[in-house]
Amino acid sequence: MTLVGRLDVGIEALLKTVENPLSTVFTTKGIYEACEIVLQHTPTSMLGEHPMPDAKANTLVSPELAAETELFKKAYSDYRAAADPMPFALKLTPYPDLALKFEKGLRLVMIDSMLVEHPQQIANDLNAVVRHYHQLEAWTKVLPNYDESERLAIVSEFLEPLASFLLNAPHLLAQRFVYSVSHLAHQANLLTRAGAKEDDLPDERNIGLKVMRKVAAGWPTFAPFAAALLLLDDESFSDQTDNFRNKQHHRIPARFELGHTQWVTRNRAEKRVSYGIGGRPPLKLEELLVPLAVQHDRACAVFSVYLDLIHEISAAIEARNEKSGK
643 MTLVGRLDVG IEALLKTVEN PLSTVFTTKG IYEACEIVLQ HTPTSMLGEH
693 PMPDAKANTL VSPELAAETE LFKKAYSDYR AAADPMPFAL KLTPYPDLAL
743 KFEKGLRLVM IDSMLVEHPQ QIANDLNAVV RHYHQLEAWT KVLPNYDESE
793 RLAIVSEFLE PLASFLLNAP HLLAQRFVYS VSHLAHQANL LTRAGAKEDD
843 LPDERNIGLK VMRKVAAGWP TFAPFAAALL LLDDESFSDQ TDNFRNKQHH
893 RIPARFELGH TQWVTRNRAE KRVSYGIGGR PPLKLEELLV PLAVQHDRAC
943 AVFSVYLDLI HEISAAIEAR NEKSGK
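Those letters in the sequence shown? Residues 643 to 968, per the numbering used here, in order.
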């Protein structure tokens, strides 16, 4: 029998099974149901090792995919068994209420909105770190129970997003603080400082450390804030994590748990160029927990002096309003 003839056997069975075959197959679900009927009645000698369609899932389920699904179900169950009884290792950040407590004109409405939103959003980011750190810590207790190929699949499915977020978080938070302090100090300057101009703050894309220092340096609490900020996303964290955040964005970073990268590196010192060959080992997730916890503690310390700076700004605005009678 030819290939077409063998398919005809299955198609004939389809026509006998379905009352209105045309209206049935011209739907997504109908197509898969029709394929299933055809394949069930087609001689197996022509089917080879092709997977059977799953009409309910509207997809092809191979034995490998089914086995991976079972692996993920078991791994996630093990993870929840480890995570659920564990207390959070990092402290959660409370959400402050920093709204101005007096009648507001247009300028005051703008800074008041920032005083409410900025700390809340930064607290959201800090608490996201707490949750994801908790998840990563629980996963590190589960991974050793699986062999190398299973760990590779589990890390790819569950842990890479967690670890990537956490390793980027110190830089993310530092930039949040820079952005917020630049805006809040600028708005407060316009309200309380003679000679302050709207043009003192550039376009948002150009806000950075230099801009923040320029617009916020006149506030006494800025000095301890800036000192605390220097410890966040510092060089020691970069060294402990193989400069992951920078390499992820600009080069090729280390893998997690398994696999080597960066087989060839080029190094330039003054006028000499050298090449390194050999590759970088993967980052072990359990070894990241301590430096990540240190960075979170430092981020919380920055948040504390950030709130002090905000209170100083709010007090200055209140004093200005009382003096002007507004």
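No residue lacks a Cβ here, since even glycine has one placed at the ideal position from N, Cα and C.
Remember, it's a predicted structure, so these values are computed and weren't measured experimentally.
Proximity test, Cβ basis, 8 Å: residue i and chain C
| i | result |
| --- | --- |
| L750 | In summary, chain C is missing from the structure at hand, where a single protein chain is found. |
Contacts around residue i, its chain only, beta-carbon distance under 7 Å, and the 5 residues preceding and following it disregarded
| i | result |
| --- | --- |
| A943 | A870 |
| L664 | For L664, the predicted model reports a pLDDT of 46, less than 50, meaning its position is unreliable and no value from the coordinates is stated. |
| H774 | L804, F807, L808 |
| P1033 | Here the chain has residues from 643 to 968 only, and residue 1033 is not among them. |
| H608 | Outside the shown range of the chain (643 to 968) lies residue 608, about which nothing can therefore be said. |
| E802 | F898 |
| K965 | none |
| A816 | L871, L874, D875 |
| F714 | E799 |
| L951 | V823, W861, T863, F864, F867 |
| A725 | H776, Q777, A780 |
Classification of residue i by the beta-carbon crowding that lies within 10 angstroms, buried from 16 upward
| i | result |
| --- | --- |
| Y737 | exposed |
| D875 | buried |
| V915 | exposed |
| N831 | buried |
| R887 | buried |
| L927 | buried |
| E779 | buried |
| L734 | exposed |
| Y917 | exposed |
| L707 | exposed |
| V1044 | Since the displayed the chain opens at 643 and closes at 968, residue 1044 lies outside it and no answer follows. |
| L872 | exposed |
| D845 | exposed |
| A859 | exposed |
| R910 | exposed |
| D739 | exposed |
| D754 | buried |
| S956 | buried |
| R940 | buried |
| A723 | exposed |
| A868 | buried |
Chain-order list of residues whose beta-carbon lies under 6 Å from that of residue i (same chain, five-residue window excluded)
| i | result |
| --- | --- |
| Q937 | P812, F879 |
| S822 | H760 |
| H776 | F730 |
| N717 | Looking at the sequence shown, residue 717 is not Asn but Ala. Hits under 6 Å: I796. |
| P866 | V947 |
| T782 | L927, E928 |
Those residues which DSSP pairs with residue i across a bridge
| i | result |
| --- | --- |
| V906 | I919 |
| A911 | R914 |
| L925 | F898 |
Other residues of its chain near residue i: CB distance less than 8 Å, five sequence neighbours each side excluded
| i | result |
| --- | --- |
| L843 | S824, H825, H828, I849, V853, V857 |
| W905 | I919, G920, G921 |
| D884 | P895, A896, R922, L925 |
| Q763 | R818 |
| R962 | L833, T834 |
| D720 | V784, N787 |
| A935 | A731, L732, Y775 |
Which runs of the alpha helix (DSSP H) fall wholly inside the stretch 719-801 and span at least 4 residues, in chain order?
748-784, 790-796
In chain order, what are the residue ranges of uninterrupted alpha helix (DSSP H) at least 4 long that sit wholly in the stretch 821-882?
Complete alpha helix (DSSP H) runs here, min 4: 851-858, 864-871, 877-882.
Taking contact to mean at least 3 C-beta pairs separated by less than 8 Å, is the stretch 890-903 in contact with the stretch 784-793?
yes
Could you tell me whether the stretch 799-819 touches the stretch 831-839, where touching means 3 or more Cβ pairs closer than 8 Å?
no
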